[in-house]
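J.:
2 protein chains.
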Amino acid sequence: MIDGHGDDVFRYGGNVKVNFSTNIHQGVDHSGLMRHLASCPRLLSNYPEPEPVSVEKKLSETIGIPVDDIIVTNGATEAIYLIARKMQGSRSAVVVPTFREYQDACAMYAHTVRFIPECEVLNGAFVDLKPNLAWLCNPNNPTGRVFNREVLLNIIDTCSETLFVVDQAYADYSVGDVLEVSDVLSRKNVIMLQSLTKQFAVPGLRIGYAVAPSEIISGLRIMRMPWSVNSFAIEASHYLLEHRKDYSIDRYQLHEEALGMSKALRRLGIECQDTDCNFILCRLPEGNASQLKEWLMHRYGLLIRDASNFETLDHAYFRVAAQDHESNELLIKCIEEWMSL
Amino acid sequence: MIDGHGDDVFRYGGNVKVNFSTNIHQGVDHSGLMRHLASCPRLLSNYPEPEPVSVEKKLSETIGIPVDDIIVTNGATEAIYLIARKMQGSRSAVVVPTFREYQDACAMYAHTVRFIPECEVLNGAFVDLKPNLAWLCNPNNPTGRVFNREVLLNIIDTCSETLFVVDQAYADYSVGDVLEVSDVLSRKNVIMLQSLTKQFAVPGLRIGYAVAPSEIISGLRIMRMPWSVNSFAIEASHYLLEHRKDYSIDRYQLHEEALGMSKALRRLGIECQDTDCNFILCRLPEGNASQLKEWLMHRYGLLIRDASNFETLDHAYFRVAAQDHESNELLIKCIEEWMSL
Numbered sequence: 001m002i003d004g005h006g007d008d009v010f011r012y013g014g015n016v017k018v019n020f021s022t023n024i025h026q027g028v029d030h031s032g033l034m035r036h037l038a039s040c041p042r043l044l045s046n047y048p049e050p051e052p053v054s055v056e057k058k059l060s061e062t063i064g065i066p067v068d069d070i071i072v073t074n075g076a077t078e079a080i081y082l083i084a085r086k087m088q089g090s091r092s093a094v095v096v097p098t099f100r101e102y103q104d105a106c107a108m109y110a111h112t113v114r115f116i117p118e119c120e121v122l123n124g125a126f127v128d129l130k131p132n133l134a135w136l137c138n139p140n141n142p143t144g145r146v147f148n149r150e151v152l153l154n155i156i157d158t159c160s161e162t163l164f165v166v167d168q169a170y171a172d173y174s175v176g177d178v179l180e181v182s183d184v185l186s187r188k189n190v191i192m193l194q195s196l197t198k199q200f201a202v203p204g205l206r207i208g209y210a211v212a213p214s215e216i217i218s219g220l221r222i223m224r225m226p227w228s229v230n231s232f233a234i235e236a237s238h239y240l241l242e243h244r245k246d247y248s249i250d251r252y253q254l255h256e257e258a259l260g261m262s263k264a265l266r267r268l269g270i271e272c273q274d275t276d277c278n279f280i281l282c283r284l285p286e287g288n289a290s291q292l293k294e295w296l297m298h299r300y301g302l303l304i305r306d307a308s309n310f311e312t313l314d315h316a317y318f319r320v321a322a323q324d325h326e327s328n329e330l331l332i333k334c335i336e337e338w339m340s341l
Numbered sequence: 001m002i003d004g005h006g007d008d009v010f011r012y013g014g015n016v017k018v019n020f021s022t023n024i025h026q027g028v029d030h031s032g033l034m035r036h037l038a039s040c041p042r043l044l045s046n047y048p049e050p051e052p053v054s055v056e057k058k059l060s061e062t063i064g065i066p067v068d069d070i071i072v073t074n075g076a077t078e079a080i081y082l083i084a085r086k087m088q089g090s091r092s093a094v095v096v097p098t099f100r101e102y103q104d105a106c107a108m109y110a111h112t113v114r115f116i117p118e119c120e121v122l123n124g125a126f127v128d129l130k131p132n133l134a135w136l137c138n139p140n141n142p143t144g145r146v147f148n149r150e151v152l153l154n155i156i157d158t159c160s161e162t163l164f165v166v167d168q169a170y171a172d173y174s175v176g177d178v179l180e181v182s183d184v185l186s187r188k189n190v191i192m193l194q195s196l197t198k199q200f201a202v203p204g205l206r207i208g209y210a211v212a213p214s215e216i217i218s219g220l221r222i223m224r225m226p227w228s229v230n231s232f233a234i235e236a237s238h239y240l241l242e243h244r245k246d247y248s249i250d251r252y253q254l255h256e257e258a259l260g261m262s263k264a265l266r267r268l269g270i271e272c273q274d275t276d277c278n279f280i281l282c283r284l285p286e287g288n289a290s291q292l293k294e295w296l297m298h299r300y301g302l303l304i305r306d307a308s309n310f311e312t313l314d315h316a317y318f319r320v321a322a323q324d325h326e327s328n329e330l331l332i333k334c335i336e337e338w339m340s341l
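Residue numbers (the working numbering), protein chains in the order written: chain A, 1 to 341; chain B, 1 to 341.
1. For the stretch 132–151 of chain A against the stretch 110–121 of chain A, are there 3 or more C-beta pairs whose distance is under 8 Å?
2. Is the Cβ-Cβ distance between Gly204 (chain A) and Thr73 (chain A) less than 7 Å?
3. Tell me whether the beta-carbon of Ile63 (chain B) lies closer than 7 Å to the beta-carbon of Ala201 (chain B).
4. Considering only the beta carbon of each residue, do Val320 (chain A) and Ile304 (chain A) sit closer than 7 Å?
5. Run through chain B and tell me which residues come within less than 8 Å of Asn189 (chain A), C-beta to C-beta.
6. Quick one: what does DSSP say Ala236 (chain B) is sitting in, helix, strand or coil?
7. Name, going along the chain, the residues of the stretch 45–76 of chain A whose beta-carbon falls closer than 7 Å to a beta-carbon of chain B.
8. To the nearest angstrom, report how far apart Met223 (chain B) and His111 (chain B) are at their CA atoms.
9. Which value, in whole angstroms, describes the spacing of the CA atoms of Ser162 (chain B) and Asn132 (chain B)?
10. Count the other CB atoms, across all protein chains shown, that sit within 10 Å of the CB of Leu341 (chain B); report buried if there are 16 or more and exposed otherwise.
11. Would you verify that the beta carbon of Tyr81 (chain B) is, or is not, closer than 7 Å to some beta carbon of chain A?
12. Taking the straight line between their C-alpha atoms, what separation do you get for Val175 (chain A) and Ile156 (chain A)?
13. At least one CB of chain B closer than 7 Å to the CB of Arg99 (chain A): is that the case?
14. With a threshold of 8 Å, are at least 3 pairs of Cβ atoms found where one atom belongs to the stretch 226–246 of chain A and the other to the stretch 288–305 of chain A?
15. Based on Cα-Cα distance, which residue from B:Ser214, B:Ala38, B:Phe115, B:Glu78 lies nearest to Val229 (chain B)?
16. Are Leu265 (chain A) and Ala322 (chain A) close, meaning C-beta to C-beta below 7 Å?
17. Since His5 (chain B) and Pro50 (chain A) are thought to touch, with beta carbons under 8 Å apart, how far apart are those beta carbons, to the nearest angstrom?
18. Give a yes or no on whether 7 Å exceeds the smallest Cβ distance from Trp135 (chain A) to chain B.
19. What are the residues that DSSP puts in a beta bridge with Asp306 (chain A)?
20. Are three or more beta carbon pairs between the stretch 185–201 of chain B and the stretch 163–170 of chain B nearer than 8 Å?
21. Quick one: list the residues of chain B neighbouring Arg206 (chain A), beta-carbon separation under 7 Å, in chain order.
22. Just checking my contact of Pro142 (chain A) with Phe310 (chain A) at CB under 8 Å: how many whole Å lie between their CB atoms?
23. Under the rule that 16 or more other beta-carbon atoms within 10 Å means buried, what is Tyr252 (chain A), buried or exposed?
24. Beta strand (DSSP E) containing Ala134 (chain B): first to last residue?
25. Would you check if there are 3 or more beta carbon pairs closer than 8 Å linking the stretch 40–49 of chain A to the stretch 180–189 of chain A?
26. Quick one: using the 10 Å Cβ neighbour count with 16 as the cut-off for buried, is Thr98 (chain A) buried or exposed?
27. Along chain A, in chain order, which residues have C-beta atoms closer than 9 Å to that of Asp306 (chain B)?
28. Hey, would you say Phe115 (chain B) sits closer than 7 Å to Val94 (chain B), going by beta carbons?
29. Would Pro117 (chain B) pass as an interface residue toward chain A - the criterion being a Cβ-Cβ separation below 7 Å?
30. Using a C-beta to C-beta distance shorter than 8 Å, which residues of chain B count as neighbours of Phe10 (chain A)?
31. Quick one, which of B:Ser218, B:Asp246, B:Thr275 has its alpha-carbon nearest Tyr170 (chain B)'s?
32. So, with DSSP's three-state summary, where would you put Gln199 (chain A)?
33. What is the C-beta distance between Glu235 (chain B) and Leu37 (chain B), in whole angstroms, given that I count them as a contact (C-beta under 8 Å)?
34. Between which residues of its own chain and Arg85 (chain B) is the CB-CB distance below 7 Å, once the five residues before and five after are set aside?
35. List the endpoints of the continuous beta strand (DSSP E) containing Ile368 (chain B).
36. To the nearest angstrom, how far is it from the Cα of Asn19 (chain B) to the Cα of Arg11 (chain B)?
As structure tokens, this is what we get:
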């Protein structure tokens, strides 16, 4: 999907004052990383590695897994498209509502796609359907829900003929128990997606990775075009992994903020789904999320995510991610103002 | 192809003193661009545009063509893979020796590939073969040869059932007459590839584009994954196009240098092909290019391109690109030393 993603700050020039539309925490100081990048003129004047093998090596050492079990990609998005291509023509199941790219990548490679509502995953929907490929976002975007780890592993083991793609891009924002790398590497039918984008709050760079048994990873590597990850993304990955202790996101504090926002929004009559993360899926009692979005943006420079284009959601849905307390309070006040117009 | 490209500076830590292995001019001052990038923290903290439409718009204005006739990609390489995919299963012809990615992209998408020697292009090889898709690099890498424009256009018009991909990434380094944008847009069977990488000497960024009639471009856009071009590449493109007058490459002076180098190398008994560019394809009278490369690198920090892995070339071929006069003289002296060992 090209239009309709969140974090569409680029549409509004310099007019966004607070960006609630992205699930990625906005309060990270990147000045050290930027100084480091600016000190490396070769990032402009030399080709990057054709494959980002130096990042794969460093990540594998950081995580403590063999380098053959990891592939670094141009954002997790490239991994999604590589997997869809590898499994061209599959019967795929996508747990919805969710990130749109699973479905789009499947459509591009002639999959037959069935949607499974999030609430039915733990009720055996996969067991009945027996898809070749299953896409789950965990925690899920836009709901913030984390699937119970034991139950999810049990489903994965029961459906041994299904390849599960578990996108854990938002794991660092979650207070729930997501899958461990060891859960993935001890099985033959799971690929875990991850994203430095989210972990270090650097979505502009496009750097993600997939972890899976080496037989799966080698099949993806063969299809990756050379130089898909540019020099800035490669250099930044090294810097971020070396300085990762400086980048800890306080997921508990952000989750607390999100719970506080949910409470305040519910008081206004807005439905809020229970979340395990920093972001909340909300539904207006009346009116359109797109109108609320435009009003908040043009009146106050506050950007939210119109969530009406997620599969199974309607015009009334929007998504917000907790920022600092003061900004969150401002948002609630402004939404209240809009509702009283 | 993952291994075996030129500009493999990343292999040698900081030990490369002069890089003759890339065709891209190394004498460009990027300090203004780097300062500009470092002044934009949002390049890290916000998503890029899902499609680099702002760059497409600016490029179309700069070139003076409709925006629908241009697609900006993650290096020209992404355009090559998109075209190969769009034409999946084609009978393709690749003019060789040449850049390896045409052949690799064709292999990835189940094309039947026939190689046409560069010297046979103007002799009607395409007319006999009638491929669905023809790949030409113009000027060609590694030979530096530019095809006669009138004759090439005549071939394109004669083979009206063949789609020609003419990669003009090195056009700004050429003293020959390459195709004009109007040559491409007045026909239905040509795609021209171009690269900001080469034009502005920024290969680390990965930014290229294709120009073709809108019917072709729209077919490629549909297959491009979102966010394939990252924020640094997008921002740099805007800066470079705005400051393009500061980035003029003196192709005539570089070509003069290349001719001087050819003369000196021939005096040593090395075969040098006639070039229209800044780079030269050379063949040792005896010994291996790979040995010469390693010796030059480890003894003097001079990096050349072992060209033995180009289709139809053998172990004796290497490629060098002219740098400043003093460095070029040093290289000749060092090659002479190696030959006398």
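Cβ coordinates follow ideal geometry from the N, Cα and C atoms, glycine included.
Please read all numbers here as calculations on a predicted model, not as lab measurements.
T.: This is what the structure holds:
1. yes
2. no
3. no
4. Taking 7 Å as the cut-off, the beta carbon of Val320 (chain A) is found closer than this to the beta carbon of Ile304 (chain A).
5. The premise fails here: Asn189 (chain A) is roughly 25 Å from chain B at the closest Cβ pair, so nothing lies under 8 Å.
6. helix
7. Ser45, Asn46, Tyr47, Pro48, Glu49, Pro50, Glu51, Asn74, Gly75
8. 18 Å
9. Going by the sequence as given, residue 162 (chain B) is Thr instead of Ser. Distance between the alpha carbons of Thr162 (chain B) and Asn132 (chain B) is about 5 Å.
10. By the neighbour-count rule (16 or more Cβ atoms within 10 Å), Leu341 (chain B) is not buried but exposed.
11. Closer than 7 Å: yes.
12. Near 22 Å, if we compare the C-alpha coordinates of Ile156 (chain A) and Val175 (chain A).
13. For the sequence presented, residue 99 (chain A) should be read as Phe rather than Arg. Chain B, which has no Cβ nearer than 7 Å to the Cβ of Phe99 (chain A), makes this no.
14. no
15. Measuring from the Cα of Val229 (chain B), the nearest candidate turns out to be B:Glu78.
16. no
17. Cβ-Cβ separation between His5 (chain B) and Pro50 (chain A): approximately 6 Å, consistent with a contact (criterion under 8 Å).
18. no
19. A:Phe318
20. yes
21. Trp227, Asn230
22. 6 Å
23. exposed
24. 133–137
25. no
26. buried
27. Close to Asp306 (chain B), with beta-carbon spacing below 9 Å, lies no residue of chain A; the smallest spacing is near 15 Å.
28. A contact, by the Cβ cut-off of 7 Å.
29. no
30. Asn46, Tyr47, Pro48, Glu49, Ser54
31. B:Thr275
32. Three-state result, Gln199 (chain A): helix.
33. Correct: roughly 6 Å between the Cβ atoms.
34. Tyr109, Met223
35. Nothing can be reported for residue 368 (chain B), as the shown portion of chain B is limited to 1 through 341.
36. Rounded to the nearest whole angstrom, the C-alpha separation of Asn19 (chain B) and Arg11 (chain B) is 12 Å.
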